[in-house]
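What follows is a single structure, written as structure tokens, with notes after it.
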Amino acid sequence: MKLTLKETLFLGFCSVFIISAKAALRLHLKIPGHAMFFTLFFLMIARGSVPNRLAATFTGLFAGIIAVILGMGKGGPLMVIKFVLPGLVVDLMALVLPGLFESVILCVLAGGLAGATRFFSIWLVDFAMGMDPDIVMQHALIKSTGNILFGMAGGVAVPVVIRKLRAYGAIPAAVEKKSIITKKE
440 MKLTLKETLF LGFCSVFIIS AKAALRLHLK IPGHAMFFTL FFLMIARGSV PNRLAATFTG
500 LFAGIIAVIL GMGKGGPLMV IKFVLPGLVV DLMALVLPGL FESVILCVLA GGLAGATRFF
560 SIWLVDFAMG MDPDIVMQHA LIKSTGNILF GMAGGVAVPV VIRKLRAYGA IPAAVEKKSI
620 ITKKE
């Protein structure tokens, strides 16, 4: 699972773009989960562009470490979990569904599932802070609903961007998928 310099730089740039979008869009929109839009967009772009099974997880790990170093959020070192869990879901979905980044519907589904992981990280951070369990559950449900919706919205543009990157030669062309069922002639 060696990465080339180009692939490593691409994952690093995606991580920096995630953090830059979070920092630039620290708008008080009063809508929970709006930061998940760019987080999942760049995680899915990273996985769709780099042919490594853990590309989105590495991107999430890099973004989480940068977020901890910059002191973004209230989670402290638990901030890494907020980026790694969606990356793991994106990587798992890409393994299960080989044509994930060619279908808008599958990318929306993957974005929703990856956004749902924010429930666990929100619950863990709130529980670790000593909040009342009922409030922790309500807070996690409300915030994760917004994260799911914005994660789904972030997945909408991924197939188009991946196609354009392939057309311009910025990333390698998709490898043809072999079918399990072969035709006999």
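Note that the sequence shown covers residues 440 to 624 in our numbering.
All C-beta atoms in this analysis are idealised placements derived from N, C-alpha and C, irrespective of residue type, glycine included.
It should be emphasised that the depicted structure is a prediction, and the values quoted were computed from it without experimental measurement.
Legend entry - Inter-residue spacing [alpha-carbon to alpha-carbon] between Asp-530 and Gly-512: Each residue's Cα considered, the two are about 25 angstroms apart.
Legend entry - Sufficient close CB pairs (3 or more, under 8 angstroms) joining the segment 589-601 to the segment 564-578: no
Inset, instruction - Starting from Glu-446, follow the alpha helix (DSSP H) in both directions and report where the run begins and ends. - result: 444-463
Legend entry - With 16 other Cβ atoms within 10 Å as the buried cut-off, status of Met-568: exposed
Inset, instruction - Can you grab the Cα-Cα spacing for the pair Ser-454 / Thr-478, in whole Å? - result: 9 angstroms
Legend entry - Among Gly-526, Arg-602 and Thr-447, nearest to Gly-551 - alpha-carbon criterion: Gly-526
Inset, instruction - State buried or exposed for Asp-565, treating a residue as buried only when at least 16 other CB atoms are found within 10 Å of its CB. - result: buried
Inset, instruction - Identify whether Leu-479 lies in helix, strand or coil by the three-state DSSP scheme. - result: helix
Legend entry - Exposure of Val-489, with buried meaning 16 or more beta-carbon neighbours within 10 Å: buried
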